[in-house]
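Visitor:
Protein chains in written order, with the numbering used here: chain A, 1 to 295; chain B, 1 to 295.
1. Mind checking residue 85 of chain B: buried by the 16 CB within 10 Å criterion, or exposed?
2. Would residue 128 of chain A count as contacting chain D if we go by Cβ distances under 9 Å?
3. Figure out for me which residue from B:77, B:63, B:161 has the closest Cα to the Cα of residue 91 of chain B.
4. At the level of alpha carbons, what is the spacing between residue 177 of chain A and residue 219 of chain A?
5. What is the DSSP secondary structure of residue 293 of chain A, counted as helix, strand or coil?
6. Compare the beta carbon distance of residue 146 of chain A and residue 183 of chain A with 9 Å and say whether it is the shorter of the two.
7. Does the beta carbon of residue 280 of chain B sit closer than 9 Å to a beta carbon anywhere in chain A?
8. Between residue 133 of chain A and chain B, is any beta-carbon pair separated by less than 9 Å?
9. Which stretch, first to last residue, makes up the alpha helix (DSSP H) that contains residue 136 of chain A?
10. Measuring only between beta-carbons, confirm whether residue 186 of chain B sits less than 9 Å from chain A.
11. Could you spell out where the alpha helix (DSSP H) holding residue 220 of chain B opens and where it closes?
12. Under 8 Å, CB to CB, which of the residues in the segment 12 to 43 of chain A have a partner in chain B?
13. Can you tell me where the alpha helix (DSSP H) with residue 117 of chain A in it begins and where it stops?
14. Looking at the structure shown, is residue 284 of chain A part of a helix, part of a strand, or coil, going by DSSP?
15. Starting from residue 177 of chain A, trace the alpha helix (DSSP H) in both directions and tell me its first and last residue.
16. Among B:185, B:263, B:169, B:204, which has the Cα closest to the Cα of residue 251 of chain B?
17. Using CA coordinates, which residue listed in B:294, B:194, B:201 is at the minimum distance from residue 221 of chain B?
18. With a CB to CB cut of under 6 Å and the five nearest residues on each side skipped, what residues in its chain are close to residue 265 of chain A?
19. Using only alpha-carbon positions, find the residue among B:99, B:273, B:111, B:74 that is nearest to residue 46 of chain B.
20. Would you mind sorting residue 66 of chain B into buried or exposed? The rule is 16 or more other CB atoms within 10 Å of its CB.
21. Within the segment 240 to 271 of chain B, note down every full beta strand (DSSP E) run reaching 3 residues or more, in order along the chain.
22. Just mark residue 167 of chain B as buried or exposed, buried being the case when its beta carbon has 16 or more other beta carbons within 10 Å.
23. Taking any Cβ of chain A, which residues in the segment 146 to 178 of chain B have a Cβ under 7 Å from it, in chain order?
24. Rounded to whole angstroms, how far is the Cβ of residue 24 of chain B from the Cβ of residue 16 of chain B, which I believe are closer than 8 Å?
25. Between the C-alpha atoms of residue 282 of chain B and residue 5 of chain B, what's the straight-line distance to the nearest angstrom?
26. Taking C-beta pairs closer than 9 Å, name the residues in chain A that residue 117 of chain B reaches, listed in chain order.
27. Could you check whether residue 185 of chain B and residue 49 of chain B sit closer than 9 Å to each other, using their CB atoms as the reference points?
28. Just the chain A side, please: which residues come within less than 7 Å of residue 124 of chain B by C-beta, in chain order?
29. Between residue 137 of chain A and chain B, is there a C-beta pair that is closer than 9 Å?
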């Protein structure tokens, strides 16, 4: 992993953390415990890949941080809420996330449900504050609401649950993962482009291709790590997909072919970047990171 | 109850139902079961007070239905998602809603969680489609996201849970209800005004006063009905607040004083309408309905 990339990633993680903390601190106190549960879910850390995509695409045109921060906060809030709800007993029933107790363990189930709900509203509130012409804010909100909802993340999660214990084809698995994980990662790239003022249709197409490819690659690598890594490195129980009899790439293709699939998607992502007239070094490193990460 | 009002209410219920059905039908199929759970939560009926407020405020300036439909759909989607999540075992654990099995009973808990989540995204998607200048759409989204989130409905629900089995003052109870129920009803009035192009600041203030008053009156009447009505009329278990030892107006003030409180709020709502240069007959009837309804 390039040191330059890791430094950039760390810089954007830290930038987002400070922004989120200041935004949460500025909220007029209502329910203290709900705010604490939201904070737990949102500030627990994590790779912050989606915000990093926003910052990295924004950097292609030297977009100001004050424009990118609320967009990064919005996409991370959606991601954080989805993890809180996915971890619930009625869903994946996980006690551990990023090496810490999950929200319903640290608080209780009702608080975890409400914290997730409130984080989703918070995401759309954030997108209203981006200092752009209103039509652009609306583009951001349209993109995020579609990626988060029935056609995107929620729909993918439902398909994933339905596929448990079922035989699925590789096409079905791809459809599940494109919706479940791909939609939000792809939306991060698109929202970065909207905020960065990248309106050229060919450039947007190339970024879309990049987003789709790394989105799917991210999930393939997640499936691979669930088999090849260990609980301490992952910060969540290793082997939980296998235990739950989930449809995964290694289960369907075998481990070696799953690794090959990740590499192919990686190449596709890099090729897409060749179409762009910008310095894409950081986006290249991000694509490398997605398929080479160990947790 | 005036027959004219009931006919208008029925008309707007039917208009929203057709609009929602056509919107849900138009969604490209992803997870069939998730869509069915969303449909269950959204089309089960109910009073549709919040959409009716949108249509009634819109009618003050003869606003076109095609502008009002997605706004009404958005606020009802937020309300429907909140009911789905409130009914979950970890929250109020209710099996019956509007005389029908609740979402997690008709489907399962995971589907109910996801259906609620997807309905919240759907609400914001709908607000992107309103054919207004983008700045107005953004006003609508800002209003709804604030009313739905931490400072509004979710925060109020969390405060309500915290207040269970606790002694609360009448001021605390009012703060809980203003957030839990009042915020969304008040937002319906404001969103109606935004869509209707009512921009005069004095008129907006009067409508805000109306919204706040009927919002709180609605919750006081809900508390009263929980004691004075029966399960069949309510379509949900009578006495569930008392059973759960919830903070309510009758518990705090006594039944007669709670009724008096509802009448005072009713008067305040009517007085606010006197400030408006529009024919407010329907909004008056709606205020009457809120405090005179039997379920």
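Where is the CB? At the ideal position from N, CA and C, for every residue including glycine.
Guide: This is what the structure holds:
1. buried
2. Protein chains in the displayed structure are A and B, and chain D is not among them.
3. Taking only the C-alpha atoms, the option nearest residue 91 of chain B is B:161.
4. 7 Å
5. coil
6. yes
7. no
8. yes
9. Where residue 136 of chain A is concerned, the enclosing alpha helix (DSSP H) stretches over 134 to 148.
10. no
11. Its alpha helix (DSSP H) spans residues 201 to 228.
12. 27, 28, 30, 31, 33, 34, 35, 38
13. 109 to 128
14. Helix, per DSSP.
15. 170 to 177
16. B:169
17. B:294
18. 213, 216, 217
19. B:99
20. exposed
21. none
22. exposed
23. So the list reads 146, 148, 149, 150, 151, 154, 155, 157, 158, 159, 161, 162, given in the order they occur along the chain.
24. Actually they are not in contact, since the Cβ atoms of residue 24 of chain B and residue 16 of chain B sit about 12 Å apart, beyond 8 Å.
25. 6 Å
26. Chain A residues near residue 117 of chain B: 81, 82, 85, 116, 117, 120, 148, 149, 153, 154, 157.
27. yes
28. Simply 124, 141, 145.
29. yes
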